[in-house]
Amino acid sequence: MKQVYIQSYFRSGYYRFMKYVYDVFDHPERQSIEQRLKIIKFFDDYGATACRRAFGKSRSTVYLWKQKLKNSAGRLSALAPGDRSPKRKRHRTVDPFMASFILDYRHQRSGADKATITPALKATCLQRGIKPVSESTVGRIIRDF
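Using this note's numbering, the first residue of the sequence shown is number 7, and each one after it goes up by one.
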């Protein structure tokens, strides 16, 4: 096992120490946690400038990681990177006419794919004054319904 950076109050109590080490042992982000621990250790030994040159991590980032460790009472899994996806994801809005046209077309002609539906949909949309969608969008509409 690699050497880990642990807060100083682990001097007594092997059980408490092992509880925090096993917190990371089977963690899915174990490599990134160990890398961050390595960067923190390097920062403590050599300073901000050397850390910036060696790892490309700024002083504020390292202090943020240390703060996360402190706020979680030394639980190493707090160093795991969080979810970076947006909290509110955009949802596709499909014109109800297009969705019903595609579904009806597929019910009438079984096995019709996006390449055969797109020209018929385009002609119908132009007649109604609606902006037609691309072939790939028709494929996504088929997949979603």
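Note that CB positions come from ideal geometry on N, CA and C, so glycine has one too.
Since we're looking at a predicted model, the values are computed, not measured.
DSSP state of residue i mapped onto helix, strand, coil
{"i": "Lys44", "result": "helix"}
{"i": "Asp32", "result": "coil"}
{"i": "Phe151", "result": "coil"}
{"i": "Ser64", "result": "coil"}
Contact set for residue i: own chain, Cβ-Cβ below 7 angstroms, skip 5 residues either direction
{"i": "Glu35", "result": "Ala86, Pro87"}
{"i": "Lys63", "result": "Ile45, Cys57"}
Closest residue to residue i among the options (Cα-Cα distance)
{"i": "Gln41", "options": "Ser140, Ser83, Met104", "result": "Ser83"}
{"i": "Pro102", "options": "Ile136, Gln37, Phe49, Tyr20", "result": "Ile136"}
{"i": "Gly145", "options": "Gln133, Arg112, Lys72", "result": "Arg112"}
{"i": "Ile147", "options": "Asp32, His97, Arg115", "result": "His97"}
{"i": "Lys72", "options": "Lys93, Ala60, Phe48", "result": "Phe48"}
{"i": "Lys128", "options": "Glu141, Asp119, Ala118", "result": "Glu141"}
Same chain only: Cβ atoms within 8 angstroms of residue i, ignoring 5 sequence neighbours per side
{"i": "Phe151", "result": "Ala105, Ile108, Leu109"}
{"i": "Ile39", "result": "Val30, His33, Leu82, Ser83, Leu85, Ala86"}
{"i": "Lys74", "result": "Ala84, Leu85"}
Any non-hydrogen atom of the ligand FMN within 7 angstroms of residue i CB
{"i": "Asp32", "result": "The ligand FMN is absent from the structure shown, which contains no ligand whatsoever."}
Within-8 angstroms CB hit, residue i to chain D
{"i": "Ala129", "result": "Within the model displayed, chain D is absent; a lone protein chain is all it includes."}
Beta-carbon proximity list for residue i, same chain, < 6 angstroms, skipping 5 on both sides
{"i": "Thr124", "result": "Glu141, Val144"}
With a floor of 4 residues, list each alpha helix (DSSP H) that falls wholly inside the region 71–144, ordered by position along the chain. 102–114, 120–134
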